[in-house]
Structure formats: structure tokens, C-alpha cells
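Position 366 (the sequence shown) corresponds to 365 in numbering that gives the first Met the number 0; numbering is contiguous. We treat Cβ as the ideally placed atom computed from N, Cα and C, and that holds for glycine.
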Amino acid sequence: MRRSLALLLPMLLALSAQANDPPPSKPIKPASAKEESSSPASASAKEERKPSSKESKDSKESAKEAAIRAKEALAADELAARIAERLSVIRKEKDEAAARSVPRPVVRPSYAPAVRKPESVKTKNDHGTNSAAAAGGQAASHANIHWSYKGEGGPLNWGKLNAANAKCDIGERQSPIDIRDGIRVDLDPIAFDYKPSRFSVIDNGHTIQVNIGAGNYINVMGINYELVQFHFHKPSEERVNGKSFEMVAHLVHKDADGKLAVVAVLIERGKSHSLVQQVWNNLPLEKNDPVQALTTMDMSDILPVKRDYYTYMGSLTTPPCSEGVLWLVMKEPVEISPDQLAIFSRLYPMNARPIQKNSGRLIKESN
Ligand SMILES: [Zn+2]
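As C-alpha cells, this is what we get:
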């Protein structure tokens with residue numbers, strides 16, 4: 000019990016510090032609270048013990064101990080209640096301070112956090128376009144809500160979380176979309192030039208991502224794009240004629256100018272998939288702590304036999320939702336086993352952005 004009290008108090012102090020306020024003028028007294036709840040009670044209890052026999056001594060002692068424990072529990076509850084009350088006051092003060100636009104001088108206690116970092120620092124996405132921010136954990140500011148797939152940080156709020164995410168709200172060429180009414184033409188095949196490569200697997204908090212060694216390319220309409228990474232969504236973000244798939248793999252490529260081309264490989268339930276198993280075999284135990292695999296991976300193995308595809312211009316499907324992304328969605332899905340699906344499901348049961356407006360965009364598809 001004493002230990003839990005000792006734990007609660009530093010928590011309160013840390014929370015008060017986070018609240019960015021000067022220390023409370025009437026702080027809760029950790030020492031007295033501790034005293035109330037433990038030492039005097041146990042000391043007096045010991046003195047009172049004058050048992051006439053061993054048996055009654057044992058039963059009396061256990062009764063006493065139970066009473067002491069009950070008293071300690073009560074004291075802890077009272078302290079917790081006081082902490083909660085104090086926290087609500089601190090939060091209210093903080094909210095009121097934020098509401099007042101006039102800056103006020105604040106004398107920071109020595110343990111208070113430094114000035115918060117600007118929001119733009121923490122902008123990152125799972126499409127490998129801002130690897131510096133993704134690599135450095137220092138960027139994340141806990142003062143702000145981070146984007147996610149549900150709740151306050153969910154897709155409908157992405158544009159509001161950060162000025163850099165404006166496109167998520169106002170963009171007219173966003174992804175994913177429901178792919179339908181494509182124009183059937185003789186699309187040039189995508190020229191895949193993939194080879195066995197080293198890879199590492201990272202759980203970035205939004206998906207499982209595989210970073211691939213250099214030297215893997217696609218060529219589309221005369222432009223070379225190099226494969227940077229691939230990652231998964233469940234269910235598939237894109238739909239085809241309204242149909243959603245169990246999962247999708249997004250293979251993110253970048254050309255010399257930094258323009259992105261993403262190959263989407265739809266995934267349905269079926270036979271097990273050796274490349275997916277290779278990824279799962281190297282799943283990291285901790286988020287943002289990449290596992291360097293000892294084997295190589297040939298990305299050709301994730302492609303369907305038939306290479307027909309849909310293509311349209313869209314965006315990143317994660318903040319900052321940048322547009323100008325060339326999407327290449329393979330028509331033929333590949334299969335993974337129910338067990339392999341279940342493994343991803345445990346980590347990310349739902350990490351798909353909802354369907355976005357097509358806004359009259361042209362979709363082309365292989366004949
Ligand atoms: Zn993606």
C-alpha cells in the first residue's frame with residue numbers, strides 16, 4: 000500500500016508539471032499522507048497487542064492486520080480522490096489560462112517541461128517521405144493528439160490536428176477511393192525490376208512496415224521509381240466496385256524528384272504467403288525499434304501472377320495526405336492464410352482510412 004502511495008505521488012507531480020502551471024499553492028503533502036496511512040497506525044497496533052494465548056494472539060494479529068490494511072486502503076482511496084480533485088483543478092486552471100489569449104509570465108518549476116515543440120516537427124507519415132522525423136523519436140510531442148484511426152485522432156480530425164495536414168480536409172485528389180468506371184485502355188505494363196534485398200521490419204505505431212535495401216525499381220511511363228518501403232492496411236483501403244479486401248500491401252516508390260508511385264497489392268484470405276510469413280517472422284517486439292532480418296527478400300514474390308492494374312492520381316492515405324501520388328492498384332489479389340491474417344489483426348485490427356471522394360478523377364485500367 001505504501002508503495003502504491005509512493006507511486007501515485009510522483010505521478011501527480013509529473014502531471015502537475017505537464018499542466019505547465021506553477022506548483023500548486025496548497026500542495027498535497029506526501030509525507031503526512033503517508034504517515035496517516037501507515038506508520039502511526041501500525042505502531043499503535045503493535046503496542047496494543049497483549050494476547051493471553053498463542054492462538055488468540057494469531058487471530059487477534061490477523062484481525063489487526065486486516066484492520067490496518069483496511070485503514071491503509073481507505074487512506075489510499077482518500078488520497079487518490081484528493082489527487083483527482085487537485086488534477087481537475089489544475090486542468091481547469093490550464094484550460095482557463097489557454098482561453099485567455101494574453102500571455103502571462105509563468106515561473107516554471109525546475110521539473111517543468113521545456114517549451115513545446117512546434118507542431119510541424121512531428122509531421123510524419125508511413126509512406127517514407129519524412130524518414131528523418133520517423134527515425135527520431137524526439138519529434139513526438141505528447142502535448143498534442145497524435146493521428147490514429149479512431150477517436151479524437153481519427154481520420155475525420157486529421158486535418159485539424161496539424162496545419163501541415165490541411166490536405167486531409169480540403170484536398171480534392173485524396174486516397175483511397177472506390178475504384179469504378181475506369182477507362183479500359185492498353186496500359187503499358189509496369190516494368191518491375193526487383194531483386195533479393197536486405198530488409199528490416201518496423202512497427203511504427205500505425206502499421207507494420209518493411210524497409211527495403213536500395214536497388215529495386217519500377218518503370219512507369221518512362222520514369223524510374225525506386226522502392227523505399229512497403230506496409231500493410233487492414234482492411235484494404237481501396238475498394239474495387241465497392242468491394243473491400245481483407246488487407247492490402249502498399250509498395251511505396253520514389254522517383255529522382257521525390258514523386259511517389261504506390262503499387263497496391265490487394266490481399267484476400269486463402270493459402271499462406273511466404274513473403275508475408277518472412278515479414279511476420281521478423282516482427283519487432285517493441286514499437287519503433289526495427290528488426291534487421293538476417294535473410295533477403297525478393298519483392299517479386301508479393302506480386303500477383305497477372306500484372307493488370309488500375310491507375311489514378313491520389314494522395315498519401317496518412318497525414319499529411321500529400322497529393323500528386325501515382326497509384327497503381329493490381330487487379331488480381333494475392334492470398335494469405337487465416338493464421339497470417341490473425342497475426343496482423345492482433346496488432347492492427349483496423350488501420351484503413353475511409354474512402355475519399357473521387358471528384359471526377361480519371362481512372363484508367365488495363366484491358
Ligand atoms: Zn499505405
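Legend entry - Test item: CB-CB of N164 and P319 under 9 Å: Translated into the one-based positions of the sequence shown, residue 164 becomes position 165. Translated into the one-based positions of the sequence shown, residue 319 becomes position 320. The answer is yes: Cβ separation under 9 Å.
Inset, instruction - For K363, count neighbouring Cβ atoms within 10 angstroms of its own Cβ and tell me buried if that reaches 16, exposed if not. - result: Residue 363 sits at position 364 when you count from the first residue of the sequence shown. The residue in question, K363, is exposed, as its Cβ has fewer than 16 Cβ neighbours within 10 Å.
Legend entry - Per-residue burial, L293 [other beta carbons within 10 Å of its own, 16 or more giving buried]: In the sequence shown, residue 293 corresponds to position 294, counting from 1. The residue is exposed, with fewer than 16 neighbouring Cβ atoms inside 10 Å.
Legend entry - Where S130 falls, given that 16 or more other Cβ within 10 Å makes a residue buried: By 1-based counting over the sequence shown, the position of residue 130 is 131. Because the pLDDT of S130 is 38, which lies under 50, any placement of that residue in the model is unreliable, and the number read from its coordinates should be weighed accordingly. It counts as exposed.
Inset, instruction - Locate the beta strand (DSSP E) running through G313, then write down its first and last residues. - result: Here the question's residue 313 lines up with position 314 in the sequence shown. 308 to 314 is the span of the beta strand (DSSP E), which, as asked, contains G313.
Legend entry - From N357, V328, F229, residue whose alpha carbon lies closest to that of I189: Numbered from 1 along the sequence shown, position 190 holds the residue referred to as residue 189. It is V328 whose Cα lies nearest to the Cα of I189.
Legend entry - E245 CB to nearest heavy atom of ligand 1 below 8 Å: Residue 245 sits at position 246 when you count from the first residue of the sequence shown. Flag unset: Cβ of E245 not near ligand 1.
Inset, instruction - Decide if the stretch 216 to 226 is in contact with the stretch 234 to 243; the criterion is three or more beta carbon pairs, one per stretch, under 8 Å apart. - result: no
Legend entry - For L284 and S15, the rounded distance between their alpha carbons: What you label residue 15 is simply residue 16 of the sequence shown in a count that begins at 1. What you label residue 284 is simply residue 285 of the sequence shown in a count that begins at 1. In this prediction, S15 scores a pLDDT of 42, lower than 50, which makes its location untrustworthy; the coordinate-derived value is nonetheless stated afterwards. C-alpha separation (whole angstroms): 32 Å.
Inset, instruction - Quick one: residues in its chain with C-beta nearer than 6 Å to the C-beta of K286, no 5 flanking neighbours on either side, listed in chain order? - result: Along the sequence shown, read from residue 1 onward, the residue named residue 286 stands at position 287. So the qualifying residues of the chain are D202, G204.
Inset, instruction - State buried or exposed for R352, treating a residue as buried only when at least 16 other CB atoms are found within 10 Å of its CB. - result: Walking along the sequence shown from the start, residue 352 turns up at place 353. So R352 counts as buried.
Inset, instruction - Just mark S366 as buried or exposed, buried being the case when its beta carbon has 16 or more other beta carbons within 10 Å. - result: To locate residue 366, count along the sequence shown from 1; it is residue 367. The sequence shown places Asn at residue 366, not Ser. Exposed is the call here.
Inset, instruction - Decide if M374 is buried, meaning its Cβ has at least 16 other Cβ atoms within 10 Å, or exposed. - result: This structure cannot speak to residue 374, because the chain is shown only from 0 to 366.
Legend entry - Nearest to R197 (by Cα), restricted to the options P332, M349, D187, M296: Counting from 1 along the sequence shown, the entry for residue 197 is found at position 198. For R197, the nearest C-alpha among the options comes from M296.
Inset, instruction - State buried or exposed for M246, treating a residue as buried only when at least 16 other CB atoms are found within 10 Å of its CB. - result: The residue given as residue 246 occupies position 247 in the sequence shown. So M246 ends up on the buried side.
Inset, instruction - Can you tell me which of T317, D177, Y347, G323 puts its alpha carbon nearest to the alpha carbon of Y309? - result: Along the sequence shown, read from residue 1 onward, the residue named residue 309 stands at position 310. For the residues T317, D177, Y347, G323, the minimum Cα distance to Y309 belongs to D177.
Legend entry - ligand 1 heavy atom lying under 8 Å from the CB of E285: Start at 1 with the first residue of the sequence shown, and residue 285 comes out as number 286. Incorrect: E285 has no Cβ contact closer than 8 Å to ligand 1.
Inset, instruction - Run the proximity test for V261: is its beta-carbon closer than 8 Å to any non-hydrogen atom belonging to ligand 1? - result: Along the sequence shown, one-based indexing puts residue 261 at 262. Yes.
Legend entry - Boundaries (first-last residue) of the alpha helix (DSSP H) holding L259: Walking along the sequence shown from the start, residue 259 turns up at place 260. Premise fails: L259 lies in the beta strand (DSSP E), 259 to 268, not in any alpha helix (DSSP H).
Legend entry - Delimiting residues of the alpha helix (DSSP H) encompassing W146: Mapped onto the sequence shown, residue 146 falls at position 147. It is not in any alpha helix (DSSP H) - W146 carries neither H nor E in the DSSP assignment.
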